[in-house]
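Trainee:
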Amino acid sequence: MSLPLRIWHPFTNSAMDLPPLQVEKAEGVYLHTRDGRKILDAISSWWVNLHGHANPRIAAAIAEQARKLEHVILAGFTHDAAEELAERLKKWLAPELNHLFFSDDGSTAVEVALKMAVQHFSNQQRAEKREIAALEHGYHGDTAGAMSVSDDSPFTEPFRSMRYPAHRVHSAYCYRCPVGLKRETCHIECAEQLESLLTERSEKIAAVIVEPLLQGAGGMIVHPAEFLQRVRALCTKHDVLLIADEVLTGFGRTGKMFACDLAGVVPDLMCLSKGITGGFLPMGVTLCTDRVQAAFHSENRRHTFYHGHSYTGNALACAAANASLQIFDDEPVFDCIATIARIHSERLSQLRELHQVGETRQIGTVGAMELRAEDAGYLSAMRPKLYQFFLEREVLLRPLGNVVYVLPPYVITPDELHRVYDVIVEAMQTLL
Ligand code: PLP
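When you line the sequence shown up against this note's numbering, it's residues 7 to 438, in that order.
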């Protein structure tokens with residue numbers, strides 16, 4: 007008799023974690039489970055959902071597209087849904103970012119950006135300019151290249167030999183300032199390490215990759231805008247490309263459409279995914295400037311960018327993205343974002359007073375608190391206890407170790423968001 011084929015769930019240890027919850031349907035911010043629970047998804051299902059689960063407008067757009075064209079190879083072909091998406095995105099992007107390359111998810115959007123940056127220089131007979139600099143606490147995905155530019159963590163530990171070397175420099179983690187200063191009086195001295203690196207090695211460095219203003223998986227670390235502005239200025243000065251990984255921050259998460267907009271910074275390459283389809287279908291997009299693309303526009307076939315995934319530019323995903331962007335046009339999405347930001351700010355200022363809370367952080371729709379812990383980090387013993395506590399109260403929150411964060415779909419109501427915070431306060435009072 008053959009054994010059943012078991013699903014191997016990501017980030018799940020079958021020896022320690024409870025069996026997965028069976029979700030039968032979802033609507034708005036709620037996940038409805040087979041055993042009758044109604045769980046409030048306060049993390050937008052790994053940060054992808056914007057307009058609520060099973061949003062009828064996006065669902066209808068996908069169904070309509072499926073009846074017309076589900077998918078076609080994008081090498082040598084194009085289709086209306088992809089062209090429409092390029093036009094719609096253009097409206098929100100800095101005019102300099104005028105080339106769009108499709109891929110499948112956040113990790114591949116990052117892989118594409120890294121490879122484009124390296125080939126950009128190699129096509130210009132500057133192949134020695136191929137190294138990448140990245141930030142401490144950074145996270146850019148789980149594929150080998152994206153892991154290489156992410157910081158060391160339990161996620162990457164077993165794969166040391168698979169990661170190519172990358173330079174790692176300080177990030178603006180003000181709560182644990184890498185240069186021992188205070189934000190109130192500092193002058194972003196944490197950026198000096200990058201400055202020294204670029205001064206010494208810019209002949210060898212192709213690109214600097216950052217998560218603009220918010221390092222997500224590293225602990226919801228919010229950077230001052232001046233840090234990103236300094237990074238931009240340093241890249242320009244040293245002829246190094248700046249890659250902004252907006253996979254998490256894109257599509258309103260930080261209060262503007264893109265985090266770079268908040269800092270008034272235009273990167274050379276930008277990576278998008280997660281919220282791009284409103285959380286319905288996987289899709290990655292890498293954008294770049296004319297200058298980056300020009301090195302690929304060549305009479306030499308070897309200068310072609312030979313990178314492509316089977317489902318690149320999938321028509322259903324494009325239709326979902328178009329519908330999501332139409333919702334931004336038609337509905338008061340940025341008002342909802344502002345309301346979420348206001349409630350985060352109110353509730354976090356109360357939580358800050360609790361002795362268990364080391365620091366609270368917020369940017370737009372992302373609210374976070376770093377709890378005091380002897381074993382700070384992703385594997386903190388607090389994490390499974392808190393996760394379970396929240397789930398028993400029918401709230402889905404997945405702390406990043408000792409960092410609890412709330413990152414809801416934009417359709418969450420004020421009452422629902424207050425309920426999430428009430429459960430967090432209860433956890434502080436009874437569990438820690
Ligand atoms: N970049 C950032 C900033 C992310 O937060 C993530 C995922 O969390 C990724 C890249 C990888 O995206 P994906 O999980 O879609 O491959």
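Ideal Cβ positions, reconstructed from N, Cα and C, are used throughout, including at glycine.
Looking only at its chain, what residues have a beta carbon closer than 7 Å to the beta carbon of Ser351, apart from the 5 residues adjacent to it on each side?
Mentor: So the qualifying residues of the chain are Gln368.
Trainee: Using the Cβ count rule (16 or more neighbours within 10 Å means buried), how would you classify Met375?
Mentor: buried
Trainee: Out of Ala92, Leu24, Glu76, which has the shortest C-alpha to C-alpha gap to Leu278?
Mentor: Ala92
Trainee: What did DSSP end up calling Ser109 once you bin it into helix, strand or coil?
Mentor: Looking at Ser109 - three-state DSSP - the assignment turns out to be strand.
Trainee: Start and end of the beta strand (DSSP E) containing Cys277?
Mentor: 275-278
Trainee: For Leu46 and Glu305, what's the separation of their Cα atoms in angstroms?
Mentor: 55 Å
Trainee: Would you say the beta carbon of Ala100 comes nearer than 7 Å to a heavy atom of the ligand PLP?
Mentor: no
Trainee: If you follow the beta strand (DSSP E) that Lys31 is part of, which residue opens it and which one closes it?
Mentor: Per DSSP, Lys31 belongs to the beta strand (DSSP E) from 29-33.
Trainee: Would you say the beta carbon of His146 is closer than 7 Å to some non-hydrogen atom of the ligand PLP?
Mentor: Yes - the ligand PLP has a heavy atom lying nearer than 7 Å to the Cβ of His146.
Trainee: Measure the CB-CB distance between Tyr170 and Ser156 and report whether it falls below 8 Å.
Mentor: no
Trainee: In this structure, what does DSSP give as the bridge partners for Gly285?
Mentor: Paired residue(s): none; Gly285 is not in a bridge.
Trainee: Note down the Cα distance separating Ser113 from Gly284, rounded to an integer number of angstroms.
Mentor: 18 Å
Trainee: Answer yes or no: do Thr260 and Leu220 have a C-beta to C-beta separation smaller than 8 Å?
Mentor: yes
Trainee: Taking 7 Å as the cut-off, is the CB of Ala223 close to at least one heavy atom of the ligand PLP?
Mentor: yes
Trainee: How many Å lie between Gly186 and Val237 at the Cα?
Mentor: Spanning the two alpha carbons is a distance of roughly 20 Å.
Trainee: Within the same chain, show all residues whose beta-carbon is closer than 7 Å to that of Leu268, passing over the 5 residues directly before and after it, in chain order.
Mentor: If we look at Leu268 and ignore the five residues flanking it on each side, its Cβ neighbours are Leu219, Ala231, Thr260, Gly261, Lys262.
Trainee: Just to confirm my understanding: we take Leu99, look at its own chain, exclude 5 residues before and 5 after, and list those with CB closer than 7 Å. What are they?
Mentor: Leu293
Trainee: List the DSSP bridge partners of Glu376.
Mentor: Glu365, Val409
Trainee: Could you check the C-alpha separation between Arg399 and Asp421 for me, to the nearest Å?
Mentor: Cα to Cα, Arg399 sits roughly 15 Å from Asp421.
Trainee: Hey, out of Thr345, Pro390, Thr255, Ser208, whose CA is closest to Trp52's CA?
Mentor: Thr255
Trainee: Where does Gly58 sit, in a helix, a strand or coil, going by DSSP?
Mentor: coil
Trainee: Let me make sure I understand the geometry here. Which of His424, Glu137, Glu117 has the alpha-carbon closest to that of Ile211?
Mentor: Glu137
Trainee: Taking the runs of the alpha helix (DSSP H) that are 4 residues or longer, which of them lie wholly in the region 111-152?
Mentor: Given a length threshold of 4 residues, each whole run of the alpha helix (DSSP H) inside the region 111-152 is given here in chain order: 112-128.
Trainee: Apply the 10 Å Cβ neighbour rule to Ser177 and answer buried if 16 or more other Cβ atoms are within range, or exposed otherwise.
Mentor: Burial call: buried.
Trainee: Would you mind reading off the limits of the alpha helix (DSSP H) that contains Cys342?
Mentor: Where Cys342 is concerned, the enclosing alpha helix (DSSP H) starts and stops at 339-357.
Trainee: Taking Ser50 as the reference, which of Val116, Gln394, Met434, Thr371 has the closest Cα?
Mentor: Thr371
Trainee: Since Ala250 sits in a beta bridge, which residues does DSSP pair it with?
Mentor: Val216, Met276
Trainee: What I want to know is whether the C-beta of Asp157 ends up closer than 7 Å to one or more non-hydrogen atoms of the ligand PLP.
Mentor: no
Trainee: Report the three-state DSSP secondary structure of Arg189 (helix, strand or coil).
Mentor: Of the three classes helix, strand and coil, the one that applies to Arg189 here is coil, per DSSP.
Trainee: Would you say the beta carbon of Leu4 comes nearer than 7 Å to a heavy atom of the ligand PLP?
Mentor: Only positions 7 to 438 of the chain appear in the structure, and residue 4 is not among them; the question remains open.
Trainee: Suppose contacts are defined by Cβ-Cβ distances below 8 Å. Is Ile68 in contact with Leu322 by that definition?
Mentor: In contact: Ile68 and Leu322 (Cβ atoms closer than 8 Å).
Trainee: On the criterion of 16 or more Cβ atoms from any shown chain inside 10 Å, does His57 qualify as buried, or is it exposed?
Mentor: buried
Trainee: Starting from Ile49, trace the beta strand (DSSP E) in both directions and tell me its first and last residue.
Mentor: Neither: Ile49 is in no beta strand (DSSP E) and is coded neither H nor E.
Trainee: Would you mind giving the Cβ-Cβ distance between Leu437 and Leu392, rounded to the nearest angstrom? I have them listed as a contact below 8 Å.
Mentor: Right, their Cβ atoms sit about 7 Å apart.
Trainee: Using the three-state DSSP reduction, which class does Asn306 fall into: helix, strand or coil?
Mentor: coil
Trainee: Whose CA, out of Gln235, Ala66, Pro10, lies closest to the CA of Gln332?
Mentor: Ala66
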